[in-house]
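Trainee: My questions all concern the structure below.
Residue numbers (the working numbering): 4 to 97.
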């Protein structure tokens, strides 16, 4: 659960960032960002807790994992350079 909140905040920040930056201002974009990928937060949560917990703690953690979505968009660990991608796209337009 501790990893979900930062991931959600990062995803909100990354989706809002292109709307804030002007399309022709590549310098306003970050030079490094994590790539978006499809994922299953519920399954990832279960995989983490099943190897570490036992008994009642495991049952409780499984219930917590069930609250997470079964599919979604996650970010990382792969990164890319939005600034360079923007400059490349601008070069293709000209």
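All residues carry an ideal CB built from backbone N, CA and C; glycine is no exception.
Here the structure is a predicted model, which is why all the values come from computation and not from measurement.
Please return the same chain residues whose Cβ sits closer than 8 angstroms to the Cβ of residue 69, not counting the five positions on each side in sequence.
Mentor: The residues are 45.
Trainee: Please state the DSSP three-state secondary structure of residue 3.
Mentor: One cannot answer for residue 3 here, as it falls past the ends of the chain, which runs 4 to 97.
Trainee: Excluding sequence positions up to five away, which residues of its chain have a Cβ less than 7 angstroms from the Cβ of residue 36?
Mentor: Same-chain partners within the cutoff: 17, 82, 83 and 85.
Trainee: Nearest to residue 73 by alpha carbon, out of 96, 93, 39 and 49?
Mentor: It is 49.
Trainee: To the nearest angstrom, how far is it from the Cα of residue 94 to the Cα of residue 78?
Mentor: Approximately 27 angstroms between the Cα atoms of the pair.
Trainee: Go to residue 79, then tell me how far its beta strand (DSSP E) extends in each direction, as first and last residue.
Mentor: It spans 75–83 - the beta strand (DSSP E) in which residue 79 sits, taken as one unbroken run.
Trainee: Take residue 90 and list the residues in its own chain whose beta-carbon comes closer than 8 angstroms to its own, dropping the five residues that flank it on each side.
Mentor: Hits under 8 angstroms: 29.
Trainee: Just to confirm before moving on: does the CB-CB distance between residue 31 and residue 76 stay below 7 angstroms?
Mentor: No.
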